[in-house]
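Residue numbers (the working numbering): 56 to 183.
Don't be surprised by glycine CBs; every beta carbon is placed ideally from N, CA and C.
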């Protein structure tokens with residue numbers, strides 16, 4: 056099951072904004088960058104209600120992690136599934152970018168879920 060459209064971070068400008076102004080948290084296999092959006096930022100062109108209040112996720116994974124696209128896509132699917140499981144617990148109005156480190160090839164879904172949860176708690180996107 057795919058991540059709902061409202062929760063996807065897609066534009067290059069949004070990624071750049073999170074990289075420049077967002078806070079950073081690190082774990083063994085992932086780096087989280089998060090930026091709280093101001094309430095004035097909204098997308099009037101969006102047909103979806105509450106689109107401005109939704110927390111959005113983007114995943115950045117380079118070829119340094121693996122030269123094989125199959126492996127990179129598997130990691131992205133696992134991270135999206137873990138994020139989707141944590142979605143009901145997230146605070147609104149955040150833009151999050153997950154940067155995958157090169158040693159993440161050896162991780163499984165459970166480890167991604169645990170690390171992602173710890174990173175979100177430390178960034179105060181989830182309240183423990």
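Residue i in three-state terms, based on DSSP
i: residue 156; result: coil
i: residue 93; result: coil
i: residue 118; result: coil
i: residue 58; result: coil
i: residue 81; result: strand
i: residue 181; result: coil
i: residue 175; result: helix
i: residue 141; result: helix
i: residue 135; result: helix
i: residue 64; result: coil
Nearest to residue i (by Cα), restricted to the options the options
i: residue 187; options: 143, 158 and 165; result: In this structure the chain extends from 56 to 183, so residue 187 is not present and cannot be described.
i: residue 59; options: 74, 73, 133 and 139; result: 139
i: residue 64; options: 76, 113, 78 and 155; result: 113
i: residue 238; options: 88, 93, 117 and 133; result: Absent from the model: residue 238. The displayed extent of the chain is 56 to 183, so no value can be given.
i: residue 86; options: 163, 108, 165 and 153; result: 153
i: residue 141; options: 163, 115, 168 and 122; result: 168
Cβ of residue i within 7 Å of any chain D Cβ
i: residue 178; result: Of the chains in the structure shown, none is chain D; there is only one protein chain.
Close-in-space but distant-in-sequence residues of the same chain around residue i (CB under 8 Å, 5 per side omitted)
i: residue 120; result: 126, 127, 130, 155, 156, 157, 159 and 160
i: residue 69; result: 111, 113 and 150
i: residue 83; result: 156, 158 and 170
i: residue 145; result: 110, 175, 180 and 181
Own chain partners of residue i with C-beta closer than 6 Å, once the 5 adjacent residues on each side are dropped
i: residue 90; result: 73, 76, 77 and 150
The region 163-180 in contact with the region 119-139 per 3-pair CB rule at 8 Å: yes
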